[in-house]
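In the working numbering, the protein residues as written are 626 to 1197.
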């Protein structure tokens, strides 16, 4: 990132767009754990008046200081808001919400007051989302603020009220919240408010994903394309990573909708639902991947459809197919960063770079067993299910060559008649010659026929023998620590009897602390600091999955890596 970041003391050193984007990217990298980078971002925010750089610095700072409620940062971001710059003010509104996530702070009233005063729609929208973030998880405590926003004459503030309802009652499946959202989804006069009310259902219901397709099924068939669009996204958010059959069945028709943005939303939602699902679990996964490839490669495809297909493809293959979207932890507590990430991600309707917030929702899907010294110990455990159910999805193979399409040559009627007559004469002549040759060599024909029959019989016996040699797939697989373990596979994970290591607390995936039952023996580590080893992705699920002991002979030492080239100046 260094070449793109603002240089201290430099005036006009680089493009403000690349510098603002770099600060935003730095915040994404350090989202929710940015103690080491907050000061740098804070200084860059204080030392610039360029609204584009302020925009990136505000977003980066909000991400790095997510939920900290830092008063000093809040005041500096508020000063950017009060400049009344539309571009920087929108990011400042979102950043204030990120800083104050779940605090139910009185500052929400201050933000609401400024939203009533300003004339910039961008600032009002940023503040609306920011206010919604402050009431995250507060449920009934947020009702008064929600009432204020949902009764406002400004549709943008009512739009923010839908997000406030979504985040205040996230994952609760609260009947009152669902009733309110359905009311606004049907009766509000603004398409944006109706659309967001439907989207909010996905956040309220993500703890009970089976309910969402049933509740939004009628909305997905609405005459209003805005409602259909967010009905798809609501299902995608609520059923993310589940591979739920009902959800995929509801979304499938929408991926071919005549309205471009409905198709875009359905493609993104399908990818969210199908992430880390392969064709062995649902045959529609392969069909969907081929559909995405076709849309992406088609030069005449609508741009919104193509963008949806590219995003969907990226979500399906996110993290090298080693991450999933998870809004709940293993203990059924909501993951704040993931929920907030998807809430801001949905704002890409207005500004595309907010798409990158989806990365906050990704969770690694791996089992990594750690010993007393927090090192990765080598041992094996059991996946009590078929390997094919949880293997990596098969990649689609693009065509190797493009054959030219031949245009049929025009044929005159007289030429066709002459050709037909000549063909009949040739067939008649061939028949007469065949009859005469058969009469002359009938014994040899009989011999040839018997030999041919014998050859065919031998070939059939060989094929049958080969078919018998194919062994059926085993109903279990042995995995070696660390290993890829997808969410659907977690319930099948078992620890072998007599193994050296057992988990201190039973956990089917993630970082698992192990108890060594044979501490007197020398430990063999799967990964160590002195060698370059395969990443956890390499320990793929399989029936005969094994890993060699990492040592100087089995892996290239870091010191053996080629040196980087010397710095040089390019004068082109």
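No residue lacks a Cβ here, since even glycine has one placed at the ideal position from N, Cα and C.
Burial state of residue 1188 (16 or more Cβ within 10 Å): exposed
Mind checking who residue 1141 pairs with in its DSSP beta bridge? The partner list for residue 1141 (beta bridge, DSSP) reads 1126.
Once the 5 residues before and after residue 877 are set aside, which same chain residues still bring their CB inside 6 Å of it? none
Under 8 Å, Cβ to Cβ, is there at least one residue of chain C near residue 1047? Given the protein chain composition of this structure (a single chain), no chain C is represented.
Sorted by chain position, which residues of the same chain lie with C-beta nearer than 7 Å to residue 746's C-beta, five sequence neighbours on each side aside? 781
Going by other Cβ atoms of all chains shown within 10 Å of its Cβ, with 16 needed for buried, is residue 769 buried or exposed? exposed
Is the number of C-beta pairs between the segment 989-1007 and the segment 1132-1142 that are closer than 8 Å three or more? yes
Within a Cβ cutoff of 8 Å, which residues of the same chain sit near residue 849, ignoring the five residues on either side of it in sequence? Once the five neighbours on either side are set aside, the close Cβ partners of residue 849 are 816, 819.
Which term fits residue 1121, buried or exposed, when burial requires 16 or more other beta carbons within 10 angstroms of its beta carbon? Here residue 1121 is exposed, its C-beta having fewer than 16 other C-beta atoms within 10 Å.
Find out if the Cβ-Cβ distance for the pair residue 717, residue 706 is shorter than 8 Å. In this structure, residue 706 lies closer than 8 Å to residue 717 by Cβ.
Run of the beta strand (DSSP E) containing residue 995, from where it starts to where it stops: For residue 995, the enclosing beta strand (DSSP E) begins and ends at 991-995.
Contacting residues, own chain, Cβ-Cβ under 7 Å from residue 755 (five flanking each side not counted): 718, 719, 721, 722, 736
C-alpha gap between residue 693 and residue 673, whole angstroms: 24 Å
Within the chosen definition, does the segment 867-877 reach the segment 947-963 through at least 3 CB pairs nearer than 8 Å? Taking 8 Å as the limit for Cβ pairs, the verdict is that the segment 947-963 does not touch the segment 867-877.
List the whole-angstrom C-beta distance separating residue 592 from residue 802, where the pair is believed to meet the contact cut-off of C-beta under 8 Å. As shown, the chain starts at 626 and ends at 1197. That puts residue 592 outside it, with no answer to give.
Quick one: any contact between the segment 924-935 and the segment 647-659, if contact means 3 or more CB pairs under 8 Å? At 8 Å Cβ cutoff, the stretches do not touch.
By the three-class DSSP mapping on this structure, what secondary structure does residue 1166 have? In this prediction, residue 1166 scores a pLDDT of 36, lower than 50, which makes its location untrustworthy; the coordinate-derived value is nonetheless stated afterwards. DSSP places residue 1166 in coil when its eight states are reduced to three.
With DSSP collapsed to three states, give me the class of residue 727. Coil, per DSSP.
Just verifying my parser: in three-state terms, what is the DSSP assignment at residue 945? helix
Going by the beta-carbon positions, is the gap between residue 726 and residue 761 smaller than 8 Å? yes
Anyone know if the C-beta pair for residue 950 and residue 987 falls short of 8 Å? yes
Taking just the CA atoms, how far does residue 699 sit from residue 641? 23 Å
I'd like the list of long-range same chain contacts for residue 901, defined as Cβ closer than 6 Å, with 5 residues on each side in sequence excluded. 949, 1111
Under the three-state reduction of DSSP, which class applies to residue 659: helix, strand or coil? coil
Report the option in 954, 944, 813, 1044 whose CA atom is closest to the CA atom of residue 1109. 944
Figure out for me which residue from 894, 863, 937 has the closest Cα to the Cα of residue 918. Of 894, 863, 937, the residue nearest in Cα terms is 937.
I need the boundaries of the beta strand (DSSP E) containing residue 1102, first residue and last residue. 1102-1105 is the extent of the beta strand (DSSP E) around residue 1102.
Short check: CB of residue 758 to CB of residue 740, under 8 Å? no
Beta-carbon proximity of residue 630 to residue 644, cut-off 8 Å: yes
Measuring only the C-alpha atoms, how far is residue 977 from residue 861? 19 Å
Relative to the alpha-carbon of residue 954, which residue among 1015, 869, 1135, 696 has its alpha-carbon at the smallest distance? 1135
So the candidates are 871, 690, 1191; which of them puts its Cα closest to the Cα of residue 899? Distances from the alpha-carbon of residue 899 to those of 871, 690, 1191 put 871 closest.
Could you check what DSSP says for residue 1193 in three-state terms: helix, strand or coil? coil
Cβ neighbour criterion (16 or more within 10 Å) applied to residue 810: buried
If you drop the 5 nearest sequence neighbours on each side, which residues of the same chain put their C-beta closer than 7 Å to that of residue 985? 656, 962, 963, 965, 966
Taking C-beta to C-beta, are residue 834 and residue 864 nearer than 8 Å? yes
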